[in-house]
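Numbering follows numbering that gives the first Met the number 0, with no gaps: position 18 of the sequence shown is 17.
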Amino acid sequence: MKGYFFGGVHPDGKKGLTAGIGPVEMQPPRRVIILLKQHVGSVCTPLVKPGDRVKMGQKIGDGEGLCTPVHSSVSGVVAAVEPRPQINGAEVLSVVVDNDQLDTPAGELQPVEDIASLTDEQLLDSIREAGIVGMGGAMFPTEIKANVPSEKIDTVIVNACECEPYITADDLLLRTSPERVLEGLRIMCRVARPKRAVVAIEDNKPEAAAALRKAMGDYPEAELVQLPTRYPQGAEKQLIVAVTGREVPSGKLPRDVGCAVFNAATFAAIAAAVHKGEPLIRRIVTVTGEGVAKPCNFIARVGTPVSELVEAAGGLKGGACKVIAGGPMMGAAQINLEAPMVKGTNAIVCLENPFRRQPGSCIRCGRCAEACPMRLQPLYMYRFEAAGDREALRRLHLMDCMECGSCAYVCPAELPLVDSFRRGKAALREEKK
Numbered sequence: 000m001k002g003y004f005f006g007g008v009h010p011d012g013k014k015g016l017t018a019g020i021g022p023v024e025m026q027p028p029r030r031v032i033i034l035l036k037q038h039v040g041s042v043c044t045p046l047v048k049p050g051d052r053v054k055m056g057q058k059i060g061d062g063e064g065l066c067t068p069v070h071s072s073v074s075g076v077v078a079a080v081e082p083r084p085q086i087n088g089a090e091v092l093s094v095v096v097d098n099d100q101l102d103t104p105a106g107e108l109q110p111v112e113d114i115a116s117l118t119d120e121q122l123l124d125s126i127r128e129a130g131i132v133g134m135g136g137a138m139f140p141t142e143i144k145a146n147v148p149s150e151k152i153d154t155v156i157v158n159a160c161e162c163e164p165y166i167t168a169d170d171l172l173l174r175t176s177p178e179r180v181l182e183g184l185r186i187m188c189r190v191a192r193p194k195r196a197v198v199a200i201e202d203n204k205p206e207a208a209a210a211l212r213k214a215m216g217d218y219p220e221a222e223l224v225q226l227p228t229r230y231p232q233g234a235e236k237q238l239i240v241a242v243t244g245r246e247v248p249s250g251k252l253p254r255d256v257g258c259a260v261f262n263a264a265t266f267a268a269i270a271a272a273v274h275k276g277e278p279l280i281r282r283i284v285t286v287t288g289e290g291v292a293k294p295c296n297f298i299a300r301v302g303t304p305v306s307e308l309v310e311a312a313g314g315l316k317g318g319a320c321k322v323i324a325g326g327p328m329m330g331a332a333q334i335n336l337e338a339p340m341v342k343g344t345n346a347i348v349c350l351e352n353p354f355r356r357q358p359g360s361c362i363r364c365g366r367c368a369e370a371c372p373m374r375l376q377p378l379y380m381y382r383f384e385a386a387g388d389r390e391a392l393r394r395l396h397l398m399d400c401m402e403c404g405s406c407a408y409v410c411p412a413e414l415p416l417v418d419s420f421r422r423g424k425a426a427l428r429e430e431k432k
């Protein structure tokens, strides 16, 4: 049924802390750390070495296969090419650039005013060379996702739901620059040639919806669909059900049901790449939470350390005890605030006293199964992961879990369900290797 997906929860949105605030252009840091893996796929090969002078927007890493290039977000001198920590705690090869504060542009990408003058292949190449990936957090290479035979896709969806609590980056983008998102949608429609182009937004963003309606006069191909607010509506499989009524089967992709879903910020980046020749080196980031002094939305450079984002928002309050990259439901708690933001970093959430009590015992209430949007059995997955029964985990389709946290949110025993599922999935991947 359209407009409804199974499960889900209604956490307190907490979006009022930053809704409509900004975006404030953040002063670029003196040193940026550009990870050479900011996408699903393989690590880029560095194209520069220590001592090299680079320009803003210059490509500094690339590779073949499932790989998206990365660019320097400032001009300056390469200080190091070495492993650095990323926001998930692991280390990845990175290019460290000392900023000369000049922002000398590289000008490697040529802007195009009329997309009709380009072939589909040229448009896709522009998207790739700009280093565009999914900016909602998944960071899948956009040109690969878009490079699907047009007869397989009949619906392109702009994911403007931003269903995680606290985050307002996409909401602000749509309030202030809806035409950028719609122009990116127009470019994607040129490549995919869908029958339907939908901007899907939740009904807790009336200002953004009004801005979209006004801008759509120049984009008649776009259709606005407002959905009841419910988490995790921004997950692409759930969004596809809500917009089209189609369910993506286990192990299949959205294109298998004729759909392609892209984040709103991704479309804005596509428009900037094609029409302005701008690679993806900056984005709107929400820095928020009760644990930070002045919550705000910033336009920040890729490679900015989390610590500097927090300082730009007035620094941590005395009671702050947890910093999360991303939203509180699916984000990663930080152990090192020197890890840099990447292309998919949409928020830094600083919390006061988020700690829960010691987990209790499962009472088999079934709330986790009712909340699971993938129709899984979290209780049994938790028990079999603890027992190390990998065959049972496969039988229960553990790999279909998207780690949304809905089950943990409703669990009266406050069991660490998502942590358990991550361990179980890692074990299954290792076994498969």
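Think of the CB as a built atom: it goes at the ideal place given N, C-alpha and C, for glycine as much as any other residue.
Presumed contact (8 Å Cβ cut-off) between residue i and residue j, rounded CB distance
i      : j      : result
Cys162 : Gln232 : 5 Å
Leu173 : Ala210 : 6 Å
Ala234 : Ala346 : In fact, because the Cβ distance is near 16 Å, the residues do not count as touching under 8 Å.
Val76  : Met55  : At roughly 13 Å, the Cβ-Cβ gap does not stay under 8 Å, so Val76 and Met55 are not in contact.
Nearest residue (CA-CA) to residue i, options the options
i      : options                           : result
Ser306 : His274, Asn296, Val286 and Ser74  : Val286
Thr118 : Val198, Val94, Arg189 and Lys48   : Arg189
Pro438 : Gly88, Glu178 and Asp102          : One cannot answer for residue 438 here, as it falls past the ends of the chain, which runs 0 to 432.
Val301 : Ile131, Asp124 and Glu90          : Ile131
His9   : Pro22, Asn203 and Val157          : Asn203
Arg394 : Cys406, Gly404 and Met380         : Met380
Phe5   : Val224, Gln357 and Arg245         : Arg245
Leu123 : Ala426, Val198 and Pro140         : Pro140
Asp113 : Ala196, Met373 and Gly276         : Gly276
Val39  : Lys144, Val198 and Ala332         : Lys144
Val424 : Pro411, Ala412 and Leu397         : Residue identity check: residue 424 is Lys in the sequence provided, not Val. Considering only alpha carbons, the answer is Leu397.
Glu391 : Glu120, Leu223, Leu427 and Gly216 : With the sequence shown as reference, residue 391 is identified as Ala, and Glu is not the correct amino acid for it. Selected option, being the one with the closest Cα: Leu427.
Val157 : Leu181, Thr175, Met138 and Val284 : Leu181
Ile20  : Gly216, Thr175, Gly62 and Glu120  : Thr175
Glu413 : Gly359, Glu201 and Leu223         : Gly359
Gly135 : Arg374, Ala370, Ala268 and Arg179 : Ala268
Proximal residues to residue i (C-beta, below 7 Å), its chain only, five neighbours per side dropped
i      : result
Gly60  : Leu35, Cys43, Thr44, Pro45, Leu46, Pro68, Val69 and Val94
Ser149 : Ala191 and Arg192
Val247 : Lys236, Ile239, Pro253, Asp255 and Val256
Gly318 : Gly290, Glu351 and Asn352
Pro177 : Ala210, Leu211 and Ala214
Met0   : Note that Met0 has pLDDT 49, beneath the 50 cutoff, so the model's placement of it is unreliable and no number is given.
Asn146 : Leu123
Val53  : Val47, Ile59, Ser71, Ser74, Gly75, Val77 and Val96
Own chain residues within Cβ distance below 8 Å of residue i, not counting five before or after
i      : result
Leu378 : Cys361, Arg363, Gly365, Cys367 and Ala368
Arg421 : Glu402
Val309 : Val286, Val291, Leu315, Val322, Leu336, Ile347 and Cys349
Asp51  : Val76 and Val77
Val80  : Pro45, Val47, Lys48, Pro49, Leu92, Ser93, Val94 and Val95
Rounded straight-line distance, which links the Cα of residue j to that of residue i
i      : j      : result
Val417 : Asp11  : 20 Å
Glu128 : Lys316 : 41 Å
Tyr3   : Pro27  : 42 Å
Lys58  : Pro164 : 34 Å
Glu429 : Thr154 : 36 Å
Asp97  : Thr103 : 13 Å
Glu24  : Leu279 : 16 Å
Ile86  : Ala324 : 7 Å
Glu107 : Gly387 : 52 Å
Gln37  : Phe261 : 17 Å
Lys14  : Ile166 : 6 Å
Tyr230 : Leu65  : 30 Å
Ala221 : Pro82  : 43 Å
Ser41  : Ala299 : 25 Å
Pro294 : Ala263 : 22 Å
Gly7   : Ala115 : 42 Å
Ala385 : Pro415 : 11 Å
Ala271 : Arg282 : 11 Å
Residue i, DSSP secondary structure in three states
i      : result
Lys321 : strand
Gln225 : strand
Pro82  : strand
Cys188 : helix
Cys367 : helix
Thr444 : Shown here, the chain extends from 0 to 432; a query on residue 444 therefore has no answer.
Asp169 : helix
Phe266 : helix
Met55  : strand
Val260 : strand
Met0   : Per-residue confidence for Met0 stands at a pLDDT of 49, beneath the threshold of 50, marking its modelled position as unreliable; no derived number is given.
Asp255 : helix
Phe383 : helix
Thr141 : helix
Val88  : Position check: residue 88 holds Gly in this sequence, whereas Val was assumed. Gly88 falls in the coil class under three-state DSSP.
Tyr408 : helix
Asp99  : coil
Gly15  : helix
Spatial neighbours of residue i in its chain, beta-carbon cut-off 6 Å, leaving aside the 5 residues before and after
i      : result
Val273 : Val111, Ser125 and Ile186
Minimum Cβ-Cβ distance from residue i to chain C less than 8 Å
i      : result
Lys316 : Here there is only one protein chain, and chain C is not present.
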